[in-house]
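This report refers to the structure that appears directly beneath it.
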Amino acid sequence: MFATRVARLRQRLHEEGFTHAALVPGPNLMYFFGLSMHLSERPIVVLVAVEDERPLLIAPSFEVGKVEAATPAFAWRIYSYRDGQPYSTAFHDAAHVLGGAHARIVVEPTRLRALEWSLLTRALPHAELAATEAPFAALRQIKDAHEIALLREAARRADQVLEALLPELRLGLTEKQVARKLLGLILDAESDGMPFAPLVQSGPTAANPHAEAGARVLQCGDLLLLDFGVCVQGYASDITRTVALGEPTAELRAAYEAVKAANAAARAIVKPGLPAEAVDRAAREVIEAAGFGRYFTHRTGHGLGLEGHEAPYIVEGNITPLQPGMVFTIEPGIYLPGKGGVRIEDDVAVTDHGCESLTTSSRELVVLPC
Ligand code: CO
Ligand code: CO
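Residue numbering for the sequence shown is 712 to 1081, as defined by our numbering.
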């Protein structure tokens, strides 16, 4: 499987006019090589060449055995360094086999650090480094059946966590106390770590889409926004539900119904061939028609996979046609300053004729007694 993915990457690089890709520890190394490594002060770079099926590894010498054991499908060219030796020697030695003069190397824009950038550019002064996700995203955004099964399982466990949390919610708890319960339930669901810090936002705090859980005590009349995920073998779900503590004001209730209708409209329109931006527009039109347009302050969604945010982005201007196997969130929201916020987030997989919602928790407003 990994050899096939790397072969596809090499083909893609060739089509886009690149000679190499330089990968650092993170989701691309995981996806293409099955390698789970951490970024540290010791640089690790994998170079994939269009013209050579042997990938090239620059790494600390003590990591080499681990890489070879984890990737039996690959015959590595290895350039290692020991602690105390300059990293630049390994990079210069590696550069000799790259045929430096005409190299056009893709690097990961959100991952490659000044550390690796400076070592690569010093070793390859005539190479062009291009920071773009495009060749990786083109492959990773179409999930195979195994990946979709993992994402479906991650979503199923997120639904279960929500179901277990709701009976625990009550007045008098702080956001932080709710967050602690949520963290415990996510770990009980055997999540591989925490895909992202869960959001627990109550009352006016929820008007800021990414505020952290704080000391605020849950009060009657609050909307409570819960946004979290569960990670299964590297693949994370991402769900948001908003619940009410006691009957909300008419305005908050209207905002909730608009978000619910926007979420439904966006899920209903998804099908292969549709540009990603049309899904955003479908959600936005509903919220605008309800008079809350200026309070829907972010895009409608983002792709899900080995990263919590990845292609395809469900945003105005993204004309990428949807294809079966794409998995992304649909998460319209309305944020009313000083009053509260509503978001309803589902994870959907594009199918041959429409989409499957991987998250299935009820989208009706749950009003908890107070
Ligand atoms: Co979320
Ligand atoms: Co999200």
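Cβ coordinates follow ideal geometry from the N, Cα and C atoms, glycine included. Treat the numbers as computed from the prediction; the structure is a model and nothing was measured.
Using only CA atoms, which one of the options lies nearest to residue i?
i	options	result
Thr1031	Glu1042, Lys971, Glu996, Ala989	Ala989
Glu827	Ala977, Cys942, Val756	Val756
Val778	Pro754, Met748, Ala1060	Met748
Gly1004	Arg978, Gln1034, Val970	Val970
Pro736	Leu746, Gly728, Asp1058, Thr730	Leu746
Leu840	Phe847, Thr832, Pro846	Thr832
Thr960	Ala860, Gly1051, Thr821	Gly1051
Glu996	Pro986, Ala987, Phe1007	Phe1007
Leu1069	Ala972, Arg868, Ala845	Arg868
Leu1015	Phe1039, Ala806, Gly1028, Ala993	Phe1039
Gln852	Glu901, Pro783, Tyr1024, Leu809	Tyr1024
Leu734	Ala965, Gly728, His1064, Leu767	Leu767
Ala842	Ala834, Ala860, Thr821	Thr821
Val1026	Ala993, Glu1018, Ile1045, Gly1036	Ala993
Pro738	Gly925, Thr715, Glu844	Glu844
Ala947	Pro920, Ser1072, Glu858, Leu740	Glu858
Leu835	Pro783, His813, Lys854, Ala825	His813
Val911	Asp855, Glu774, Ala972, Ala890	Ala890
Asp1063	Phe773, Met1037, Arg824, Ala784	Met1037
Leu823	Pro754, Ala972, Pro909	Pro754
Pro1080	Arg716, Pro1048, Pro878, Arg723	Pro878
Leu1033	His921, Gly904, Phe802, Pro983	Pro983
For residue i and residue j, which I take to be in contact (beta-carbon distance under 8 Å), what is that distance rounded to the nearest angstrom?
i	j	result
Arg1054	Thr951	5 Å
Gln930	Gly914	6 Å
Leu830	Tyr798	6 Å
Ala865	Val941	5 Å
Ile816	His731	4 Å
Glu958	Val1078	6 Å
Val954	Val1061	Contact flag wrong, Cβ pair sits at about 29 Å.
Arg721	Val759	6 Å
Lys892	Leu876	6 Å
Ser1072	Leu936	Ser1072 to Leu936, Cβ: 14 Å. No contact.
Ala965	Ala1001	7 Å
Asp938	Gly1019	Not quite, the Cβ-Cβ distance comes to about 11 Å (not below 8 Å), so this is no contact.
Arg978	Val1059	6 Å
Gly1165	Glu886	Past the boundaries of the shown model lies residue 1165; the chain is included only from 712 to 1081, so the question cannot be answered.
Pro1048	Ala918	5 Å
Tell me which residue opens and which closes the beta strand (DSSP E) that residue i is part of.
i	result
Glu996	Unbroken run through Glu996 is the alpha helix (DSSP H), 987 to 1000; no beta strand (DSSP E).
Phe939	934 to 939
Thr1092	Since the displayed the chain opens at 712 and closes at 1081, residue 1092 lies outside it and no answer follows.
Val1026	Looking at the DSSP string, Val1026 is not in any beta strand (DSSP E), and its letter there is neither H nor E.
Ala856	Not the beta strand (DSSP E): Ala856 falls in the alpha helix (DSSP H), residues 856 to 876.
Leu758	756 to 760
Glu923	Premise fails: Glu923 is in no beta strand (DSSP E) and is neither H nor E.
Compute every distance between the C-beta of residue i and the non-hydrogen atoms of ligand 1, then say whether any falls below 7 Å.
i	result
Asp949	yes
Glu864	no
Glu1042	yes
Asp933	no
Asp938	yes
Check the DSSP bridge columns for residue i and list the partner residues they point to.
i	result
Leu831	DSSP output for Leu831 lists no bridge partner at all.
Glu1021	Gly1014
Ala770	Ser791
Ala1060	Val1038, Glu1067
Ala917	The partner list for Ala917 (beta bridge, DSSP) is empty, contrary to what the question assumes.
Thr953	Leu936
Arg1054	Gly1044
Leu910	Asp938
Arg815	Glu839
Pro797	Pro797 pairs with nothing; no bridge assigned.
Pro1032	Pro986
Asp763	Ala760
Leu1079	Leu956
Val943	Tyr946
Compute the minimum distance between the beta carbon of residue i and the heavy atoms of ligand 2, and state whether it is under 7 Å.
i	result
His731	no
Glu1056	yes
His1013	yes
Shorter than 8 Å from the beta carbon of residue i to some beta carbon of chain D?
i	result
Glu886	Of the protein chains in the structure, only one exists, and it is not chain D.
For the alpha helix (DSSP H) that residue i lies in, which residues bound it at each end?
i	result
His731	Note, His731: premise wrong, no alpha helix (DSSP H); beta strand (DSSP E) at 731 to 734.
Ile980	961 to 980
Tyr1006	Segment: none, Tyr1006 is in no alpha helix (DSSP H) and carries neither H nor E.
Arg719	713 to 726
Ala845	845 to 851
Leu898	886 to 899
Leu823	That residue, Leu823, is in no alpha helix (DSSP H); it is neither H nor E in DSSP.
Val741	Sequence inspection shows Met at residue 741; the Val mentioned does not correspond to that position. It spans 738 to 744 - the alpha helix (DSSP H) in which Met741 sits, taken as one unbroken run.
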